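Right, one structure below, let's go through it.
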Amino acid sequence: MGAEDRWQEYVLIDYWFEPNVDDIRKEAFRVAVETWRNSTCINLIERAVPPQVPTYIKVGIYDTGSCYLSGMGWPGNESWSRPSEINLGWCKDMRSKGNMVHEIGHAIGMNHEQKRPDAGSTYHGHGPHLQIHWASIPGNWWSQYTGDASSYTGSAFDGPGDPLAGYQPYDFESIMHYGGGSRFDTIPADKEHLTGQRQHLTLGDIEQIKDIYQCRPKCRQGPCPTPAPTPAPTPAPTPAPTP
């Protein structure tokens, strides 16, 4: 079943492999692409040659010691002036497929879950969900644990057919969440074992993208149910805790 059969509207994003990407990495990345396609209206389309417009994702090996995205959000690099880049580096085979899913998540607009404003602080009556140990985090990594009010916490009601509305619970198991170890404790403590997984998208991951992109399914019988309107939290800046 194609996207046109499942969704009222769907998103097409081109991507292109640099010549230095080997076939093993390509196959793993294609599976990561399918992971998003199977659960959301996001369709990454592989192109044999670089697209003529900058609004695409370039996939290559730019640093073998890391695996990352440059240019978060869609389109993500300097207001469409150049493609987003996914560096497959140490993401070199199917064992790293989950990390590739994670990086695609960044490319389509997802932040790290622990950067939600209700992660390390109270935000509009929600949180904190983490006790962050700043002394255990190198300074150049602090930004990855600092609350960001622009991170997704839910949304307002966007009219009939809106796939999701209101505050969305903190997702310890999100594929976008870092693992704990010495850097934080979860609140409650029994959630720590959930953090850092790269095996699957959670319902929270899927619903976030369906909400952001308004992935509205086609229903076989009658209209799809519409969630009741629920006010979304009002964004507000959240300062980083002092170590």
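At position 125 of the sequence shown (counting the first as 1) the number is 125 in full-length UniProt numbering, and the numbers step up by one without a gap. The beta carbon of each residue, even a glycine, is placed where N, CA and C say it ideally should be. Quick caveat, the model's predicted, so the values are computed rather than measured.
Next on the checklist: Nearest by alpha-carbon distance to cysteine 67: which of Gly73, Val49, Asp93, Ile42 is it?
Outcome noted: Asp93
Next on the checklist: For a quick check, are the C-beta atoms of isoleucine 45 and aspartate 22 less than 7 Å apart?
Outcome noted: no
Checklist entry - Secondary structure at tyrosine 10, three-state DSSP: helix, strand or coil? => result coil
Next on the checklist: In whole angstroms, give me the CA-to-CA distance for aspartate 205 and methionine 1.
Outcome noted: 22 Å
Checklist entry - Who does asparagine 43 pair with in a DSSP beta bridge? => result Leu12
Checklist entry - Mind checking alanine 189: buried by the 16 CB within 10 Å criterion, or exposed? => result exposed
Item to check | Proximal residues to proline 117 (C-beta, below 6 Å), its chain only, five neighbours per side dropped | outcome: Tyr123, Gly147, Ala149, Thr238
Checklist entry - For leucine 194, does the three-state DSSP call read helix, strand or coil? => result helix
Checklist entry - Helix, strand or coil for leucine 203 per DSSP? => result helix
Next on the checklist: Please list the terminal residues of the continuous alpha helix (DSSP H) segment that includes asparagine 99.
Outcome noted: 97 to 107
Item to check | Helix, strand or coil at alanine 175 according to DSSP, with G and I counted as helix | outcome: Residue 175 is actually isoleucine in this sequence, not alanine. In this structure, isoleucine 175 counts as coil in the three-state DSSP scheme.
Item to check | Endpoints, the beta strand (DSSP E) within which glycine 131 is located | outcome: Note that residue 131 is glutamine in the sequence shown, not glycine. Segment 130 to 132, the beta strand (DSSP E) holding glutamine 131.
Next on the checklist: My output table needs one value for serine 136: the three-state DSSP class, helix, strand or coil.
Outcome noted: helix
Checklist entry - What separation, rounded to the nearest whole angstrom, lies between the Cα atoms of proline 233 and serine 182? => result Caution is warranted here: a pLDDT of 41 is assigned to proline 233, below 50, making its placement in the model unreliable, and the coordinate value is therefore given only provisionally. Spanning the two alpha carbons is a distance of roughly 31 Å.
Next on the checklist: Whether or not the segment 87 to 105 and the segment 18 to 38 are in contact is what I'm after, with contact meaning three or more pairs of Cβ atoms, one per stretch, closer than 8 Å; do they touch?
Outcome noted: yes
Checklist entry - Going by C-alpha distance, which of Ser84, His102, Ile42 is nearest proline 51? => result Ser84
Checklist entry - Within this structure, are the beta carbons of lysine 191 and serine 151 separated by less than 7 Å? => result no
Checklist entry - Considering glycine 60, what are the terminal residues of the beta strand (DSSP E) in which it resides? => result 57 to 60
Checklist entry - Within 10 angstroms of its Cβ, does lysine 218 collect 16 or more other Cβ (buried), or is it exposed? => result exposed
Item to check | Exposure of valine 11, with buried meaning 16 or more beta-carbon neighbours within 10 Å | outcome: buried
Checklist entry - DSSP beta-bridge partners for tyrosine 152? => result Looking at the DSSP assignment, tyrosine 152 forms no beta bridge with any residue, so it has no partner.
Next on the checklist: Distance check for serine 174 and leucine 201, CA to CA, integer angstroms please.
Outcome noted: 7 Å
Checklist entry - Going by the CB atoms, is the gap between isoleucine 212 and glycine 109 shorter than 7 Å? => result yes
Item to check | Cα-Cα separation between glutamine 144 and serine 70, rounded to whole angstroms | outcome: 15 Å
Next on the checklist: Quick check: what's the CA-CA separation for aspartate 63 versus asparagine 87?
Outcome noted: 7 Å
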